[in-house]
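So the structure is just underneath, and the comments pick up after that.
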Amino acid sequence: LCLLLLCNFIYTMEEIQEYKQIVRDAVSDLLKEKPNLLKFGVHEQSISNRVEYYVEQTLDNRKLHVDCEYNKNLDEEKRIEVSGLDAKLMKACGCHVCSNKIGDIEREREFRPDIIVHKRRSNEHNKIAIEIKKSKFCPFDEAKLKELTGNGHDYKYILGVFVYFQNGIPEFKWYSKGR
Numbered sequence: 003l004c005l006l007l008l009c010n011f012i013y014t015m016e017e018i019q020e021y022k023q024i025v026r027d028a029v030s031d032l033l034k035e036k037p038n039l040l041k042f043g044v045h046e047q048s049i050s051n052r053v054e055y056y057v058e059q060t061l062d063n064r065k066l067h068v069d070c071e072y073n074k075n076l077d078e079e080k081r082i083e084v085s086g087l088d089a090k091l092m093k094a095c096g097c098h099v100c101s102n103k104i105g106d107i108e109r110e111r112e113f114r115p116d117i118i119v120h121k122r123r124s125n126e127h128n129k130i131a132i133e134i135k136k137s138k139f140c141p142f143d144e145a146k147l148k149e150l151t152g153n154g155h156d157y158k159y160i161l162g163v164f165v166y167f168q169n170g171i172p173e174f175k176w177y178s179k180g181r
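Taking my numbering, I'd label the letters of the sequence shown as residues 3 to 181.
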């Protein structure tokens, strides 16, 4: 049995692999049951909502919450350091957040992950953070996943994943321990 120390908590490799499979299965269910969402060019929140639904169905008996666009960290807003983000990468992305120029004096920005698996009002059971884009990689979403899985704040998510659909094919980029 292999144990990993992530964000001051111990998780087994089996648990991490199980969470990865839950995300893969949810995306697969989306593509099987709602394939037109990608074809019709719907907003990414519609896609996130369906992935959230499938993740929630799998985890129904585990007493965890699965939320879309959840912006709270305990009683505060989730915040991220933005002063170090690469302006060229953000401009190339062109998504709504990356298109809004980060101000010269702006150091932090509030954020909300697309989907999280956690227990509300606690950081002791933060499991998965998911960011979704329809067709491209997003540097701001990557920064959020690094922050959520790293040791910089007390978010303590054990796994992060960026999912995007290159020509309708899902691509997964996994994060733990802030990288």
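Each residue gets a CB set at the ideal place from its N, CA and C atoms; glycine is no exception.
What you are looking at is a predicted structure, and each value in this text was computed from that prediction instead of being measured.
Item: For Val29 and Val53, believed in contact at Cβ under 8 Å, the rounded distance; Value: 6 Å
Item: Span of the alpha helix (DSSP H), counted from its first residue to its last, around Glu71; Value: Element bounds for Glu71: n/a, residue is neither H nor E.
Item: C-alpha distance - Tyr55 paired with Ala94, whole-angstrom precision; Value: 31 Å
Item: Reduced DSSP category for Ile49 - H, G, I as helix; E, B as strand; rest coil; Value: helix
Item: Secondary structure of Trp176, DSSP reduced to three states; Value: strand
Item: Helix, strand or coil at Gly170 [DSSP, three-state]; Value: coil
Item: Host alpha helix (DSSP H) of His98 (start-end); Value: 98–101
Item: Exposure label - Ser178; buried when at least 16 CB within 10 Å; Value: buried
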